[in-house]
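First comes the structure, then the notes that go with it.
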Amino acid sequence: MQTIAARTGHPHDHITFALIDLPLAVVRPHLLQDKTPPARATELVTELAESLLAITRSNGA
């Protein structure tokens with residue numbers, strides 16, 4: 001994560017949130033109910049992380 005932080009200029013805690021905390025927040029309620037996360041979960045996490053870190057697919061890390 002330090003490499004990503006260095007490449008993007010984002011603070012380490014922002015990278016940690018986007019790559020670890022955010023995905024867990026999306027799937028946790030489903031897993032706690034012993035259910036499969038929705039099919040769109042991966043896409044949702046990707047979109048939110050890109051938005052939070054101001055990454056586009058053309059300039060992304």
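If you count by my numbering, then the sequence shown holds residues 1 to 61, one letter each, in order.
Note that the Cβ used here is the ideal one computed from N, Cα and C, for glycine as well.
Predicted model only: the values in this text are computed from it and were never measured.
Buried versus exposed, by CB contacts within 10 Å (16 or more), residue i
i: ILE20; result: exposed
i: ALA18; result: buried
i: HIS10; result: buried
Host alpha helix (DSSP H) of residue i (start-end)
i: ALA6; result: 2–8
Other residues of its chain near residue i: CB distance less than 7 Å, five sequence neighbours each side excluded
i: ALA41; result: VAL26, VAL27
i: LEU44; result: VAL26
Residues of its chain near residue i, where Cβ-Cβ distance is below 6 Å and the 5 sequence neighbours each way are ignored
i: HIS30; result: PRO37
Same chain, Cβ closer than 8 Å to residue i, neighbours up to 5 away in sequence not counted
i: LEU22; result: VAL45, LEU48, ALA49, LEU52
Length-filtered (4 minimum) alpha helix (DSSP H) runs lying within the region 17–50: 22–32
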